[in-house]
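Asks:
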Amino acid sequence: MEQQLLSGCDLHLHLAGSFYAEDLLAIGAPIFREVDWSSRDFLSGYNASLETALDPVQLFAEALENPEPGFAKLRAAYVFGAEDGGDFERFMWKYRLFSHLWGYGWERGKKTAVSMITQAVQHHKRQGLDYAEYRAGFWGEDDLLRQRMQICAQTLFALSDGRFTARYIVPLPRSEPLPTYQQVRQLLEEQPHVANTLVGLDFASREEGFPPKLYHEFFQQLQKDNAANPEQRLAVVYHVGETFFDKSLESAARWCHEAALLGARRLGHCIALGMDPAVAISRRPQAHEAELVSERIDQIAYDLRYAKPLRALGVPIDETALRAEQQVLSQRADDWVERPYTAPRLQEIRQRQTFVLNELAKMGTVIECCPTSNLRIGGVPDAEHHPIHRLLASPVNLCICTDDPGVFDITLASEIEWVLRHTDHTRESLAKRLGDPRRFALKPLVAA
Ligand SMILES: [Zn+2]
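Just so you know, the sequence shown maps onto residues 6 to 453 in this note's numbering.
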């Protein structure tokens, strides 16, 4: 198969979100009667959130015995579509319909785990992907955690061939990244060949409450470890600017910049850099007006540091006023500040977005844009106000990815089609603007 420049390479892909409804059925078929569906409050949570009365055993049995109406029901229970109204909690319950099975499969042992991973990867191969970086987080005590990461890496390696390469990225819990990171390092030390496939780390899941500044030491440690083990270099990808209702739009844009300054190679989403501020604040009453005093203090420090380039873009920086505000705020560090938006402030935020996008472009940082994910779970109201328009118009390195293609029932090719449908780009101009996404692979691809 001829390599497809844009639709053959997916750089933002969660393995547990990669299973389509038919994969769910194939994986569930031999085990759905054994699974304890009420454990971890799955069934009660699903039914309460989606206001339904799901019976997973009945659902699987019907889809297998009577596929004509049965499979459509399974699909409807699982796929998170446009009609689900962008409610993140509902998304998580639908996502858990598979991840509950996924968790059970891993408890069952290596054979089931390998066959589950194979199911997802074969599906991507059939779609024509030639390069994919999968993110998959595991659980368990240290030994078990390493064993599971190893199985994942080895299976992805085994599924790679001359026409398809799969790589593995380990997500780190933002609340405590170090223990998982240490297990990754230990695994690479014990099994050096795993470094062929395990090439990166991801800061994922809930971002609100976890400012990039928390991870300075972590990145320093990582740099040191990378310098000491060049064969086992790990690069970082970082979800940021996706959900940011806890702060001002200035801070949301700043976080994207700070994540890049930490040394993250690619940033997931960055809706905060591409969505127009007037649209962002229209999403909820008083949206983005309140933030922690600590965030405001950090923003003031940032504005003082970048006063010159911000001014050059038309953002007025009054250093005397900022220092006075800094002085007052330093007395009330645990409090919240509220700052309503005005038209000039919204215009300044547009310039701040431009500033950060230009800085990312200079640093070579890549933004991974996931169109459907942003619409369904990223709080982007519609295609017209999608951040992609602004990102495409900027000089930033950009790639189009799927995030959770199975749960959204999309493909990378359908995402590229979405971009062509909703922007003025032609296939040729889009290819020219984006270039080959494989150049952003966390470990350079060696020609087969
Ligand atoms: Zn993601």
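Just so it is clear, CB atoms sit at the ideal spot from N, CA and C, and this is done for glycine as well.
Is it right to say R211 is buried, meaning 16 or more other beta carbons lie within 10 angstroms of its own, or is it exposed?
Replies: exposed
Asks: Does the Cβ of G456 have 16 or more other Cβ atoms within 10 Å, making it buried, or fewer, making it exposed?
Replies: For residue 456 there is no data in the structure shown, the boundaries of the chain being 6 and 453.
Asks: Which ranges would you report for the beta strand (DSSP E) in the segment 240-314 if only whole runs of at least 3 residues count?
Replies: 240-245, 271-274, 295-297
Asks: Kindly list the residues whose CB is nearer than 6 Å to the CB of S399, restricted to its own chain and excluding five residues on each side of it in sequence; keep chain order.
Replies: L362
Asks: Using only the heavy atoms of ligand 1, determine whether one of them is closer than 8 Å to the beta carbon of A209.
Replies: Distances between the C-beta of A209 and the heavy atoms of ligand 1 include at least one below 8 Å.
Asks: What residue from C406, Y25, T57 has the CA that sits closest to P442's CA?
Replies: C406
Asks: What does the Cβ neighbour count give for Q291, buried or exposed, with the cut at 16 atoms within 10 Å?
Replies: exposed
Asks: N402 bridges to which residues according to DSSP?
Replies: V371
Asks: To the nearest angstrom, how far is the alpha carbon of L450 from that of A26?
Replies: 31 Å
Asks: For C404, verify whether its CB is less than 8 Å away from any heavy atom of ligand 3.
Replies: Of the ligands one can find in the structure shown, namely ligand 1, none is ligand 3.
Asks: Are the CB atoms of E343 and A283 within a distance shorter than 9 Å?
Replies: No, they are not a contact pair.
Asks: Assign H221 to buried or exposed, taking buried as 16 or more other Cβ atoms, counted over all protein chains shown, within 10 Å of its Cβ.
Replies: exposed
Asks: V242 and E364 - do their beta-carbons sit closer together than 9 Å?
Replies: no
Asks: For S2 and G279, I'd like the C-alpha separation in whole angstroms.
Replies: Limits of the chain in this structure are 6 at one end and 453 at the other, which puts residue 2 out of reach.
Asks: F249 and E213 - do their beta-carbons sit closer together than 9 Å?
Replies: yes
Asks: Need the endpoints of the beta strand (DSSP E) that T170 sits in, please.
Replies: Where T170 is concerned, the enclosing beta strand (DSSP E) stretches over 170-177.
Asks: In angstroms, rounded to a whole number, what distance separates the CA positions of H394 and H430?
Replies: Taking the straight line joining both Cα atoms gives about 10 Å.
Asks: Measure the beta-carbon distance from A125 to F47 and round it to whole angstroms, keeping in mind my assumption that it falls under 8 Å.
Replies: The C-beta distance from A125 to F47 rounds to 21 Å, too long to meet the 8 Å contact threshold.
Asks: Measuring only from the beta carbon, is D148 closer than 8 Å to any heavy atom that is part of ligand 1?
Replies: no
Asks: Quick one: measure Cβ to Cβ for A68 and G75, integer angstroms, because I've assumed they're closer than 8 Å.
Replies: 4 Å
Asks: Applying the criterion that 16 or more other CB atoms from any shown protein chain within 10 Å of the CB defines a buried residue, is A77 buried or exposed?
Replies: exposed
Asks: Is the separation between the beta-carbon of H274 and that of S378 shorter than 9 Å?
Replies: yes
Asks: Buried or exposed: which applies to E420, given that a residue is buried once 16 or more other Cβ atoms fall within 10 Å of its Cβ?
Replies: buried
Asks: For A58, which of helix, strand or coil comes out of DSSP?
Replies: coil
Asks: Check whether the segment 46-63 touches the segment 115-133, taking contact to mean three or more Cβ pairs, one atom from each stretch, closer than 8 Å.
Replies: no
Asks: Please confirm if the segment 12-19 is in contact with the segment 128-137, defined as three or more CB-CB distances below 8 Å between the two stretches.
Replies: Yes: the two stretches touch, three or more of their Cβ pairs being nearer than 8 Å.
Asks: In angstroms with no decimal places, state the Cα-to-Cα distance between L266 and L297.
Replies: Roughly 22 Å separates the two Cα atoms.
Asks: Please name the residue or residues paired with F208 in a DSSP beta bridge.
Replies: L177, Y243
Asks: Grouping DSSP H, G and I as helix and E and B as strand, with all else coil, what is E343?
Replies: strand
Asks: Are L397 and R438 closer than 9 Å when you measure CB to CB?
Replies: yes
Asks: For D251 and E353, I'd like the C-alpha separation in whole angstroms.
Replies: 20 Å
Asks: Within the present structure, is the beta-carbon of D408 separated from the nearest heavy atom of ligand 1 by less than 8 Å?
Replies: yes
Asks: Helix, strand or coil: which one does DSSP assign to D387?
Replies: coil
Asks: Strictly by DSSP, which residues pair up with Y139?
Replies: L18, Y173
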